[in-house]
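Q:
In the numbering used here, the protein residues as written are 113 to 379.
1) Should residue 347 and residue 331 be called a contact, given that it needs their Cβ atoms to be closer than 8 Å?
2) So, under 8 Å CB-CB, residue 301 and residue 266 are touching, yes? Tell me the CB distance rounded to an integer number of Å.
3) Taking the C-alpha atoms as reference points, what is the distance between residue 186 and residue 211?
4) Looking only at its chain, what residues have a beta carbon closer than 7 Å to the beta carbon of residue 271, apart from the 5 residues adjacent to it on each side?
5) Give a yes or no on whether the C-beta atoms belonging to residue 204 and residue 166 are separated by under 8 Å.
6) For residue 126, which of helix, strand or coil comes out of DSSP?
7) How is residue 263 classed by DSSP in three states: helix, strand or coil?
8) Compute the Euclidean distance between the alpha carbons of residue 310 and residue 284, then round it to the nearest angstrom.
9) Measure the CB-CB distance between residue 278 and residue 320 and report whether it falls below 8 Å.
10) Just to confirm, is the Cβ distance from residue 365 to residue 339 under 8 Å?
11) Below 8 Å, can you find three or more Cβ-Cβ pairs linking the region 217-236 to the region 189-204?
12) Relative to the C-alpha of residue 316, which candidate in 343, 326, 329 and 295 has its C-alpha closest?
13) For residue 184, which three-state DSSP category applies?
14) Using 10 angstroms around the beta-carbon of residue 376, count the other beta-carbons present and answer buried if the total reaches 16, otherwise exposed.
15) Which same chain residues, not among the five before or five after residue 178, have their C-beta less than 6 Å away from its C-beta?
16) Could you name the residues of the same chain whose beta carbon sits closer than 7 Å to that of residue 255, not counting the 5 residues immediately before and after it, in chain order?
17) Exposed or buried, residue 246, counting other C-beta atoms within 10 Å across all chains shown (16 or more means buried)?
18) Figure out for me which residue from 244, 139, 264 and 355 has the closest Cα to the Cα of residue 286.
19) Just to confirm, are residue 146 and residue 137 a CB contact at a threshold of 8 Å?
20) Around the Cβ of residue 356, are there at least 16 other Cβ atoms within 10 angstroms (buried) or fewer (exposed)?
21) What do you get for residue 133, buried or exposed, if any count of 16 or more other CB atoms within 10 angstroms of its CB means buried?
22) Within 10 Å of its beta-carbon, does residue 235 have 16 or more other beta-carbons around it, so buried, or fewer, so exposed?
23) Leaving out the 5 sequence neighbours to the left and right, which residues in its chain are closer than 8 Å to residue 172 when beta-carbon positions are compared?
24) Using the Cα positions of residue 349 and residue 253, report the straight-line distance between them to the nearest angstrom.
25) To the nearest angstrom, how far is it from the Cα of residue 259 to the Cα of residue 233?
26) Any idea if residue 142 is buried or exposed, counting beta-carbon neighbours within 10 angstroms, 16 or more meaning buried?
27) Have a look at 158, 362 and 160 and flag the residue whose alpha-carbon is nearest the alpha-carbon of residue 333.
28) Indicate the three-state DSSP secondary structure (helix, strand or coil) for residue 156 in the structure shown.
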């Protein structure tokens, strides 16, 4: 009988008594009873376990058993691999998130194979930690973090962080508009958005800046020439603007009407 065949015919008790050299082969077993028995092998170590957790076909039962064993969870590598597994039970995954490092949470939140709810919870943990983080870590997260986190960093309004987050590929228009819907924002947020080559081109972003009462007047005025006349008229008719800005909006409308050949969206 060759080695492969002998391993395939092993029962749980024999697996526990198998030689250490057989463990790498046993890691590929499909039967749950063999894998569960393998966890009890005296030579089964962290390296073996991390290799096992690379298998995307592991069942929730196997993962739950691994997470139940405190000796396995002394390893950060194991906790990280468990949390990232697509079949990790929800409650187990939630418990593991509390022990993960900042970058682990970033990676989990961006990994499509991770359960959607766990990705969301990872984002929420990152957002909750923001007030305690030093500037350097915030800048790192601004460049690498998911969209919701990018929105949270933008709302904080720290100049260096805002500069980094506006270049993030994960920041979306929806997140920017959500930030601009907040009642209180630092003036630098409006200035940075209005000057940014990507965000200043978006019509809804420009309108949201002009509508916001906290937007610095020079910033709002710089955007008026790029806003369509129909939107300017609508803005002038609302009670959202300060009286000073409303007067400038009306002046812009009058200027456009005096020069009807001038296309909307241009000075």
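Built from N, CA and C at the ideal position, the CB exists for glycine as well. Bear in mind that the values here come from a model prediction, so they are computed numbers and not experimental data.
A: Here's the rundown:
1) Position 235 of the chain shown, counted from the first residue, corresponds to residue 347. Position 219 of the chain shown, counted from the first residue, corresponds to residue 331. Result no, Cβ atoms of residue 347 and residue 331 do not sit closer than 8 Å.
2) On the chain shown, residue 301 is found 189 positions in, with the first residue counted as 1. On the chain shown, residue 266 is found 154 positions in, with the first residue counted as 1. With a Cβ gap of about 6 Å, residue 301 and residue 266 count as contacting.
3) Here residue 186 is taken as the residue at index 74 of the chain shown, counted from 1. Here residue 211 is taken as the residue at index 99 of the chain shown, counted from 1. Those two C-alpha atoms are separated by around 11 Å.
4) Translated into the one-based positions of the chain shown, residue 271 becomes position 159. The beta carbon of residue 271 sits closer than 7 Å to the beta carbons of 300 from its chain, once the five residues preceding and following it are set aside; these are given in chain order.
5) As a working note, residue 204 is residue 92 in the chain shown. As a working note, residue 166 is residue 54 in the chain shown. Contact: no.
6) Residue 126 sits at position 14 when you count from the first residue of the chain shown. Helix, per DSSP.
7) Counted from its first residue, the chain shown places residue 263 at position 151. Here residue 263 sits in helix by DSSP.
8) Translated into positions along the chain shown, residue 310 becomes position 198. Translated into positions along the chain shown, residue 284 becomes position 172. Straight-line Cα distance between these residues: approximately 11 Å.
9) In the chain shown, the residue the question calls residue 278 occupies position 166. In the chain shown, the residue the question calls residue 320 occupies position 208. No. Outside cutoff.
10) Translated into positions along the chain shown, residue 365 becomes position 253. Translated into positions along the chain shown, residue 339 becomes position 227. In this structure, residue 339 does not lie closer than 8 Å to residue 365 by Cβ.
11) yes
12) Position 204 of the chain shown, counting from 1, holds the residue named residue 316. Comparing Cα-Cα distances from residue 316 to each of 343, 326, 329 and 295, the minimum goes to 343.
13) Translated into the one-based positions of the chain shown, residue 184 becomes position 72. Residue state, collapsed to three classes: helix.
14) In the chain shown, counting from the first residue as 1, residue 376 sits at position 264. Below a pLDDT of 50, predicted positions are generally treated as unreliable, and residue 376, at 46, falls in that range; the measurement from the model is reported next regardless. Exposed is the call here.
15) The residue given as residue 178 occupies position 66 in the chain shown. Here the set comprises 184.
16) Sequence index remark: in the chain shown, residue 255 carries index 143 (1-based). For residue 255, where only same-chain residues beyond five positions count, the Cβ hits under 7 Å are 276 and 280.
17) Here residue 246 refers to the residue found at position 134 of the chain shown. With fewer than 16 other Cβ atoms within 10 Å, it is exposed.
18) For this step, residue 286 is matched to residue 174 along the chain shown. When only C-alpha atoms are compared, the closest one is 264.
19) Taking the chain shown and counting its residues from 1, one reaches residue 146 at position 34. Taking the chain shown and counting its residues from 1, one reaches residue 137 at position 25. Taking C-beta atoms as the reference points, residue 146 and residue 137 fail to come closer than 8 Å.
20) Within the chain shown, residue 356 is the residue found at index 244, counting from 1. Classification for residue 356: exposed.
21) Position 21 of the chain shown holds residue 133. So residue 133 counts as exposed.
22) Taking the first residue of the chain shown as position 1, residue 235 is located at position 123. So residue 235 counts as buried.
23) Sequence index remark: in the chain shown, residue 172 carries index 60 (1-based). Result list for residue 172: 199, 200 and 201, in chain order.
24) To locate residue 349, count along the chain shown from 1; it is residue 237. To locate residue 253, count along the chain shown from 1; it is residue 141. In a straight line, the C-alpha of residue 349 is about 41 Å away from that of residue 253.
25) One-based indexing of the chain shown puts residue 259 at position 147. One-based indexing of the chain shown puts residue 233 at position 121. Those two C-alpha atoms are separated by around 13 Å.
26) What you label residue 142 is simply residue 30 of the chain shown in a count that begins at 1. With fewer than 16 other Cβ atoms inside 10 Å of its own Cβ, residue 142 counts as exposed.
27) Here residue 333 refers to the residue found at position 221 when the chain shown is read from its first residue. When each option's Cα is compared against that of residue 333, the closest is 362.
28) On the chain shown, position 44 is the one that residue 156 refers to. In this structure, residue 156 counts as coil in the three-state DSSP scheme.
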